[in-house]
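The numbers in my numbering rise by one with no breaks, and the one at position 203 of the sequence shown is 203. Even glycine gets a Cβ: it sits at the ideal position worked out from N, Cα and C.
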Amino acid sequence: MSQFYKVYNEERVICTLCQHYCKIKEGNTGICGVNKNVGGKIECLVYGYPSALAVDPIEKKPLYHFLPATKAFSLGTVGCNFHCPFCQNWRISQTSKIDKSEYFSPERIVQLALENGADSIAYTYNEPTIFYPYAKDIALEAQKYGLKNIFVTDGYESTEVIEDMVGIIDAANVDLKAFDEAYYKKELGGDLHKVLESLKLFVKKGIWVEVTTLIVPSKNDSDEELTKIAKFIADELGVYVPWHISAFHPDYKENNLPRTSMETLEKAYRIGKSVGLNHVYMGNSGYENPTLCPKCSKMLIQRAYFGVKENHLIKGCCPSCHYKLEGVFDEQ
Ligand code: SF4
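Structure, rendered in structure tokens:
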């Protein structure tokens, strides 16, 4: 049973896992399709039933300032609290059909992570907030073995969940998919303002945050919108927060749009730098995405695809000017 619910009235309970705060009648599920009112309590139906398990480089999440060159044992379930038309994992996110043929206890997930040499567990592929009760139990078990925990999320966590994450979830890559209220509401199924508030709360609570924007041609790629996104990160989160701008490829319901061009990615990069962001990275592009020291511009980390070619940090600091790079780095 989820601990994240409260009674609304005699007929309904409110699921408090995400900002939808669904008011759910007995026997029904909320918007995500996987949290159900069973006897006046919320049951997270996907608990123990991952739909995908894999070992990924942490750079693939993407997290560039969090234990670079380590492996993240990654899992997702089915279901989502958004319905983005460009979803690249729509086969698992837009279904509530749960494969219950094999149960994976939190202990078993952690053992698999250890056997695979992972340094962290990533809750990813679909929206992890909707399976937070499962993620939390895995994360608490993982901590016993020194593993870190990572959320790859749409930023629609409830305030209750973000506050609960403190001391449990170490880092989050949060999507900021656009800066248009109507687009968020109609096309994605969320509220922009609530995502912005979540982002601020993550940072305030000391969870390491990196932001990702998938640049979808004609949807969110105007100069004005990209500037608003970049300015929000710089002004409200901090210029040190990395911004990953990621190239779209046609998928799901957005099959008629072209891929994001290099010119558009480079434009977004220039916009990010022009508003003062220290770190703008171009994903899905083949670009090497070096991390430069914000103070003296020395190349600190050089990457290739999802790997790290060179890492010059010494105890998380620039070897030249000793600037302490923001993020979580091996202290060796
Ligand atoms: S997780 Fe979100 S979408 Fe799912 S039932 Fe709870 S409040 Fe609704």
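Grouping DSSP H, G and I as helix and E and B as strand, with all else coil, what is Tyr183?
Helix at Tyr183.
Please name the residue in Ile98, Ser218, Arg259 whose C-alpha comes closest to that of Gly79.
If we check each option's Cα against that of Gly79, Ile98 comes out closest.
Does any heavy atom of the ligand SF4 sit closer than 7 Å to the C-beta of Cys18?
Within the cutoff, so yes.
Give every residue of the same chain whose Cβ lies closer than 7 Å to the Cβ of Gly327, excluding the five residues on either side of it in the sequence, and list them in chain order.
Result list for Gly327: His65, Phe66, Trp208, in chain order.
Does at least one heavy atom of the ligand SF4 sit under 7 Å from the Cβ of Ile145?
It is Tyr, not Ile, that sits at residue 145 in the sequence shown. Result no, Cβ not under 7 Å from the ligand SF4.
Where do the ends of the beta strand (DSSP E) carrying Gln302 lie?
Counting along the chain, the beta strand (DSSP E) containing Gln302 begins and ends at 299-304.
Does the beta-carbon of Asn35 have 16 or more other beta-carbons within 10 angstroms, so that it is buried, or is it exposed?
Under this definition Asn35 is a buried residue.
Provide the residue span of the alpha helix (DSSP H) that contains Met165, from first to last.
Segment 159-165, the alpha helix (DSSP H) holding Met165.
Note down, in chain order, each residue of its chain lying with its Cβ closer than 6 Å to the Cβ of Cys296, except the 5 sequence neighbours on either side.
Around Cys296: Ser320, Cys321.
Secondary structure at Ser246, three-state DSSP: helix, strand or coil?
Looking at Ser246 - three-state DSSP - the assignment turns out to be strand.
Using 7 Å as the cut-off, classify the Cβ of Asn35 as near or not near the heavy atoms of the ligand SF4, replying yes or no.
True, at least one ligand heavy atom lies under 7 Å from that Cβ.
Within a Cβ cutoff of 8 Å, which residues of the same chain sit near Gly206, ignoring the five residues on either side of it in sequence?
Correct list, in chain order: Val166.
Starting from Asp170, trace the alpha helix (DSSP H) in both directions and tell me its first and last residue.
That residue, Asp170, is in no alpha helix (DSSP H); it is neither H nor E in DSSP.
Give me the residue from Leu17, Ile24, Thr16 with the minimum Cα distance to Glu10.
When each option's Cα is compared against that of Glu10, the closest is Ile24.
Since Val7 sits in a beta bridge, which residues does DSSP pair it with?
In DSSP, Val7 forms a bridge with Val13.
Going straight from the alpha carbon of Glu268 to that of Glu102, what length do you get?
A small correction: the amino acid at residue 268 is Ala; Glu does not occupy that position in the sequence shown. Answer to the nearest angstrom: the Cα atoms are 44 Å apart.
Return the chain-ordered list of same chain residues with a C-beta closer than 6 Å to the C-beta of Phe82, the five sequence neighbours on each side being excluded.
Asp154, Leu188, Gly189, Gly190.
Do Ile138 and Phe202 count as a contact pair if the criterion is CB distance below 8 Å?
Against a cut-off of 8 Å, the Cβ pair of Ile138 and Phe202 comes out as no contact.
Quick one: what does DSSP say Phe73 is sitting in, helix, strand or coil?
Note: Phe73 maps to strand in three-state DSSP.
If you run the structure through DSSP and keep just helix, strand and coil, what is Tyr132?
In this structure, Tyr132 counts as helix in the three-state DSSP scheme.
Apart from the five residues on each side of it in sequence, which residues of its chain come closer than 6 Å, Cβ to Cβ, to Thr124?
Here the set comprises Ser74, Gly76, Val152.
Nearest-angstrom Cα distance between Asp175 and Glu115?
Approximately 30 Å between the Cα atoms of the pair.
Across which residues does DSSP place Phe66 in a beta bridge pair?
Its beta-bridge partners are Val328.
Nearer than 7 Å: is that true of the beta carbon of Thr129 relative to any heavy atom of the ligand SF4?
Thr129 Cβ: within cutoff of the ligand SF4.
For the alpha helix (DSSP H) that Phe232 lies in, which residues bound it at each end?
It spans 223-232 - the alpha helix (DSSP H) in which Phe232 sits, taken as one unbroken run.
Take every Cβ of the region 15-34, pair it with every Cβ of the region 57-64, and state whether three or more of those distances are shorter than 8 Å.
Judged by Cβ distances under 8 Å, the region 15-34 makes no contact with the region 57-64, as fewer than three pairs qualify.
In its own chain, which residues sit with a C-beta less than 6 Å from the C-beta of Thr227, not counting the 5 before and 5 after it?
Excluding residues within five positions, the ones whose Cβ falls inside 6 Å are Ile271.
Tell me, please, which residues DSSP counts as bridged to Lys25.
Arg12.
With distances taken from CA atoms, which of Lys185, Pro85, Ile168, Ser96 is nearest Ala122?
Nearest option by C-alpha distance: Ile168.
Mind checking whether Met299 and Leu292 have CB atoms under 8 Å apart?
In contact: Met299 and Leu292 (Cβ atoms closer than 8 Å).
If you measure from the CB of Asn8, is any heavy atom of the ligand SF4 nearer than 7 Å?
A quick correction: the sequence has Tyr, not Asn, at residue 8. No; taking the cut-off as 7 Å, the Cβ of Tyr8 has no heavy atom of the ligand SF4 nearer than that.
Do the CB positions of Lys273 and Glu236 come within less than 8 Å of each other?
No, the pair does not count as a contact, with Cβ atoms beyond the cut-off.
Taking only the alpha-carbon atoms, compute the straight-line gap between Gly33 and Ile42 and give it to the nearest angstrom.
Approximately 12 Å between the Cα atoms of the pair.
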